[in-house]
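First comes the structure, then the notes that go with it.
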Amino acid sequence: MSFITRGFSGRDRERDERLPPGQTLVHDFPVLSAGPTPEVDTAEWEFTIRTESGVHRWNWDEFTSLAIDDVDTDIHCVTHWSKLGTSWRGVSLDTLFEHVETEQEYVMAHSYGGYTTNVPLDELLDGKAWVAFEFDGEPLEAEHGGPARLLVPHLYFWKSAKWVRGLVMMDQDEPGFWEQNGYHLHGDPWTEERYW
Amino acid sequence: MSEATAQTTAPAAASAAAVLAVPRSGWHVATVASTRRETPNAARIELEVDGWPGNAAGQHLDVRLTAPDGYTATRSYSIASSGTGTHVTLAVDKLPDGEVSPYLVDEVRAGDMLEVHGPLGAFFVWAPDAAAAGDPAADATRDTRPVQLIAGGSGVVPLFAMAAAHDAAEDPTPFRLLYSVRSPDDVYFADALRRLAAASASLQLDLVYTRRAPEGWPSPPARITRDVLEAAVIPAAERPRVFVCGSTGFVERVADWLVELGHDARSIRTERYGGT
Numbered sequence: 001m002s003f004i005t006r007g008f009s010g011r012d013r014e015r016d017e018r019l020p021p022g023q024t025l026v027h028d029f030p031v032l033s034a035g036p037t038p039e040v041d042t043a044e045w046e047f048t049i050r051t052e053s054g055v056h057r058w059n060w061d062e063f064t065s066l067a068i069d070d071v072d073t074d075i076h077c078v079t080h081w082s083k084l085g086t087s088w089r090g091v092s093l094d095t096l097f098e099h100v101e102t103e104q105e106y107v108m109a110h111s112y113g114g115y116t117t118n119v120p121l122d123e124l125l126d127g128k129a130w131v132a133f134e135f136d137g138e139p140l141e142a143e144h145g146g147p148a149r150l151l152v153p154h155l156y157f158w159k160s161a162k163w164v165r166g167l168v169m170m171d172q173d174e175p176g177f178w179e180q181n182g183y184h185l186h187g188d189p190w191t192e193e194r195y196w
Numbered sequence: 197m198s199e200a201t202a203q204t205t206a207p208a209a210a211s212a213a214a215v216l217a218v219p220r221s222g223w224h225v226a227t228v229a230s231t232r233r234e235t236p237n238a239a240r241i242e243l244e245v246d247g248w249p250g251n252a253a254g255q256h257l258d259v260r261l262t263a264p265d266g267y268t269a270t271r272s273y274s275i276a277s278s279g280t281g282t283h284v285t286l287a288v289d290k291l292p293d294g295e296v297s298p299y300l301v302d303e304v305r306a307g308d309m310l311e312v313h314g315p316l317g318a319f320f321v322w323a324p325d326a327a328a329a330g331d332p333a334a335d336a337t338r339d340t341r342p343v344q345l346i347a348g349g350s351g352v353v354p355l356f357a358m359a360a361a362h363d364a365a366e367d368p369t370p371f372r373l374l375y376s377v378r379s380p381d382d383v384y385f386a387d388a389l390r391r392l393a394a395a396s397a398s399l400q401l402d403l404v405y406t407r408r409a410p411e412g413w414p415s416p417p418a419r420i421t422r423d424v425l426e427a428a429v430i431p432a433a434e435r436p437r438v439f440v441c442g443s444t445g446f447v448e449r450v451a452d453w454l455v456e457l458g459h460d461a462r463s464i465r466t467e468r469y470g471g472t
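Protein chains in written order, with our numbering: chain V, 1 to 196; chain C, 197 to 472.
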């Protein structure tokens with residue numbers, strides 16, 4: 001239904017093919033969150049995966065002793081900004097799930113501060129997602145989700161839960177925080193799955 | 197709106213009702229009814245939106261512009277109005293390197309058509325007290341806590357919508373707005389805010405000028421401090437619900453101070469204007 005807007009010619013014209021539809025390239029790193037930034041000390045931090053049979057648990061030292069990946073990727077926020085070629089370090093979800101047995105196909109990510117977001121397990125495995133603790137060669141800043149955040153670059157960035165503390169396996173998909181507040185259950189930037 | 201974060205331990209309980217109350221969003225054709233200068237750097241744009249389902253105070257929408265060759269640009273803007281009806285008010289600040297905001301502030305005129313998608317967001321919203329509107333069923337769940345609004349610059353837009361909705365509904369909830377702004381010329385909705393602040397008990401307004409204060413103002417212009425914040429917001433002991441909107445730096449600073457001052461992080465909702 002798109003029509004031409006009188007007097008608008010566009011200015012940036014940075015139509016990089018790595019930009020999904022409706023996205024604009026940014027060079028800074030916007031911060032968007034729904035409340036104050038939680039301060040989480042790595043001495044207190046732990047990460048858990050809860051399945052139908054029990055809880056797997058890592059403290060900070062155990063977590064950072066796992067195999068660590070360098071990840072160079074583009075990220076896309078539902079509020080129309082994209083950032084290309086960002087560099088992260090973190091632990092692959094493949095590594096975390098190596099010894100986790102589960103029949104359940106859906107995941108709710110939980111954060112310090114109470115945030116939640118849902119993702120199908122398929123979308124987290126096979127090299128598609130990490131728990132990241134470094135950005136651009138530095139420890140991840142609290143305002144960007146430090147000490148550690150989920151990184152699921154192929155979905156809109158609200159899925160990449162900041163201050164992540166654990167994953168809870170689920171039998172069926174259920175909406176997390178932003179999903180209950182109007183965002184799409186899945187969130188693919190390339191098909192603009194922004195809102196329900 | 198947006199990236200991955202939130203501060204609430206009970207999002208399901210808090211938002212289930214809001215989801216039901218908020219109409220499904222969609223694309224609409226908007227006709228510009230009028231536009232006027234709001235501040236030296238911003239415009240107020242009145243839209244008539246075909247099929248708009250109404251919106252809650254604090255929600256936003258996406259504006260999409262299309263160039264003759266099919267190039268499109270989309271940006272999110274807070275809505276300054278609320279309620280039923282198809283009339284929507286925006287107030288847009290011109291970003292120096294912006295692509296859409298300079299068009300909306302300098303170029304758009306009455307009769308132009310835009311595409312808008314919305315209403316969006318069901319978290320950073322305020323609705324009048326149903327009990328006060330005569331719904332006895334709402335008494336049990338009535339949230340009688342006072343409401344503190346804290347705005348930095350153009351971040352006042354969704355908070356103004358809340359203050360205006362509060363006044364229009366004659367809602368009894370105490371409302372207070374702390375508004376940090378560069379100079380008297382930069383105050384959005386200045387007349388309306390003065391009117392709300394003058395109306396009996398509708399809104400307590402506290403202005404902080406960061407660059408230039410009006411003549412005779414009791415304090416020199418300066419950025420907000422923790423002490424100023426503490427003195428100008430509803431005390432933590434009264435358990436206010438707090439809505440903070442502004443630039444990332446402003447919101448980070450204010451939200452951190454509020455937590456230090458004893459406010460419950462779960463009662464603080466934020467909206468940050470990013471770099472786009």
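Think of the CB as a built atom: it goes at the ideal place given N, C-alpha and C, for glycine as much as any other residue.
With 16 other CB atoms within 10 Å as the buried threshold, where does V:HIS76 fall?
buried
Which chain C residues sit within Cβ distance under 9 Å of V:ALA129?
By Cβ distance, chain C contributes nothing, its closest Cβ being about 12 Å from V:ALA129, past 9 Å.
Please report the distance separating the alpha-carbon of C:VAL218 from that of C:GLY254.
Because the pLDDT at C:VAL218 is just 49, under 50, the model does not fix this residue reliably, and the point stays unresolved.
Ignoring anything shorter than 4 residues or poking outside the segment 332-393 of chain C, list the alpha helix (DSSP H) runs there in chain order.
Segments of the alpha helix (DSSP H) lying fully in the segment 332-393 of chain C: 352-364.
Please confirm if C:ALA323 has its CB atom under 7 Å from at least one CB of chain V.
no
Under 6 Å Cβ to Cβ from C:GLY458, same chain only, skipping five residues before and after it: list those, please.
Counting only Cβ-Cβ distances below 6 Å, and skipping sequence neighbours, we find ALA432.
Using only CA atoms, which one of V:PHE157, V:GLY176, V:ASP16 and V:TRP163 lies nearest to V:ASP41?
V:TRP163
Please report how far the alpha carbon of V:TRP158 lies from the alpha carbon of V:LYS83, in whole angstroms.
For the pair V:TRP158 and V:LYS83, the Cα-to-Cα distance works out to about 14 Å.
Should C:ALA393 and C:LEU403 be called a contact, given that it needs their Cβ atoms to be closer than 7 Å?
no
Within 7 Å (strictly less), CB to CB, does C:PRO249 reach chain V?
Output row for C:PRO249: interface = no.
Can you give me the C-alpha to C-alpha distance between C:ARG465 and C:ASP367, rounded to a whole angstrom?
Distance between the alpha carbons of C:ARG465 and C:ASP367 is about 20 Å.
What did DSSP end up calling C:ASP258 once you bin it into helix, strand or coil?
strand
Just grab the DSSP bridge partners of V:ASN118 for me.
V:MET108
Alpha carbon to alpha carbon, what distance is there between C:HIS224 and V:PRO21?
19 Å
Nearest to V:VAL91 (by Cα), restricted to the options V:LEU124, V:PHE63 and V:ASN118
It is V:PHE63.
Which value, in whole angstroms, describes the spacing of the CA atoms of V:GLY35 and C:THR282?
31 Å
Which partner residues does C:GLY222 have in the DSSP bridge list?
C:GLY314
Looking only at its own chain, which residues have a Cβ that is under 6 Å from the Cβ of V:ASP70, when we skip the five neighbours before and after it?
ARG89
With H, G and I counted as helix, E and B as strand and the rest as coil, what does DSSP make of C:ARG422?
In this structure, C:ARG422 counts as helix in the three-state DSSP scheme.
Compare the C-beta of V:GLU192 with all C-beta atoms of chain C and state if any pair is closer than 7 Å.
no
Per-residue contacts from C:ILE464 into chain V (C-beta, under 8 Å)
GLY35 and PRO36
Would you mind reading off the limits of the alpha helix (DSSP H) that contains V:ASP61?
60-64
Contact criterion: CB-CB distance below 7 Å. Does C:VAL429 meet it with respect to chain V?
no
Under three-state DSSP, which class holds C:SER230?
strand
To be precise: take each residue of the segment 299-312 of chain C, compare its Cβ to all Cβ atoms of chain V, and keep it if any distance is under 9 Å. Which residues remain?
TYR299, GLU303, VAL304, ARG305, GLY307, ASP308, MET309, LEU310 and GLU311
List the DSSP bridge partners of V:PRO139.
V:GLU134
Looking at the unbroken alpha helix (DSSP H) that takes in V:LEU93, where does it start and where does it end?
Per DSSP, V:LEU93 belongs to the alpha helix (DSSP H) from 93-96.
Is it buried or exposed, C:THR270, if we count other Cβ atoms within 10 angstroms and call 16 or more buried?
buried
Straight-line gap, C:ALA287 to V:THR48 (C-alpha atoms, nearest Å)
44 Å
Where does V:LEU29 fall in DSSP's three states?
Note on identity: in this sequence residue 29 of chain V is Phe, with Leu being the wrong assignment. Correct three-state label for V:PHE29: coil.
Mind checking whether V:LEU155 and V:GLY187 have CB atoms under 7 Å apart?
In this structure, V:GLY187 lies closer than 7 Å to V:LEU155 by Cβ.
Using a Cβ-Cβ cut-off of 6 Å (strictly less than) and excluding sequence neighbours within five positions of C:ARG437, which residues of its own chain qualify?
ARG341, VAL343 and SER463
With V:GLU123 and V:VAL152 assumed to form a contact (beta carbons below 8 Å), what rounded beta-carbon distance in angstroms separates them?
7 Å
Taking the CB atoms as reference points, tell me whether C:LEU355 and C:ALA347 lie closer together than 7 Å.
yes
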